[in-house]
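Novice: According to our numbering, the residues represented by the sequence shown are 286 to 520, in order.
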Amino acid sequence: MGSSILIFFNIPGLMIVVGGTIAATMIRYSLRESIYALRMSFKILLPSNDIRNKEELVELTDQLVRSARQNGIVSLEKIEINNEFFQYGVRMLVDNYPSDLVRQTLQEENHLLVERAETSAAVFSAVGASAPAFGMIGTLVGLVQMLANLSDPSSIGPAMAVAMLTTLYGAMIANLFALPMADKVAVWGQEESTRQHMIIEAVDFIAKGLHHSMLQDVLAPYLDKKPQNENAEEV
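(1) Can you tell which of LEU432, ILE485, LEU450, ALA505 has its C-alpha closest to the C-alpha of ILE290?
(2) May I ask which residues mark the beginning and end of the alpha helix (DSSP H) holding VAL525?
(3) Look at VAL408 and TYR314 and say whether their C-beta atoms are less than 7 Å apart.
(4) Using DSSP with H/G/I as helix, E/B as strand and the rest coil, what is HIS396?
(5) Can you have a look at GLU518 and say buried or exposed, based on whether 16 or more other CB atoms are within 10 angstroms of its CB?
(6) So, with DSSP's three-state summary, where would you put ILE296?
(7) Among HIS482, GLU477, MET499, ILE491, which residue has its Cα nearest to the Cα of ARG337?
(8) Using the Cβ count rule (16 or more neighbours within 10 Å means buried), how would you classify VAL359?
(9) At the level of alpha carbons, what is the spacing between GLY298 and MET457?
(10) Taking the continuous alpha helix (DSSP H) assigned at SER319, which residues delimit it?
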């Protein structure tokens, strides 16, 4: 708009909003929960090598089922599995864990994932709620400084900058980062939980040694497709 971007940089205002928001969040949540939320945000935003497409997971499961039936469960360790959760379940099968224990362990891992995602989303929601509040606090601080020094015209400008910019900082942190990230973490948690439930069924399918022709029917609820038998009846 024709002015320098440096006029929007105010260290006291940043200290009030960022420092106050961090302090308020740390009072609500532990350091561990806050750090985990930050790590989860990086995990969501950065590209991953994990297989996330459900169709690819079905293809991988089909390959694992065929290999297990033809060459035994031990042969699965030779197959590359680019999904950490799936790899964990298959490794337990290869190590000869009982199928019930494998399923129970994976379900517990999924339950913990959901809890962590909900907590992380709540941390970002807390940041989104605190930032505008501290922006308003910074505005009040700037106004108090301005009113206390009306006799000194040179102090009015810096005090007014703090008053206006802290509100801007609070609004931007909340609406451009914290609240969108809270929604993104919540959606990611739901999608990842569904994907893990699908993997749990796939691992259980492998453990039971079922025929690969039944795989599409077992995983159909996770693929938004009708089971093959149902389609056959309709035909």
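The C-beta atom is built at its ideal place from N, Cα and C for all residues, glycine as well.
Since the model is a prediction, treat every value here as computed from it, not as a measurement.
Specialist: In this structure, then:
(1) Distance from the Cα of ILE290 is smallest, within the candidate group LEU432, ILE485, LEU450, ALA505, for LEU450.
(2) With the chain covering only 286 through 520, there is no way to say anything about residue 525.
(3) Going by C-beta atoms, VAL408 is nearer than 7 Å to TYR314.
(4) Three-state result, HIS396: helix.
(5) Its pLDDT being 46, under 50, GLU518 is placed unreliably by the model, and nothing is read from it.
(6) Reduced to three states, the DSSP call for ILE296 is helix.
(7) Among HIS482, GLU477, MET499, ILE491, the Cα nearest to that of ARG337 is on GLU477.
(8) Here VAL359 is exposed. Its C-beta has fewer than 16 other C-beta atoms within 10 Å.
(9) Using only the alpha carbons, I get a separation of about 13 Å.
(10) Start and end: 316 to 330.
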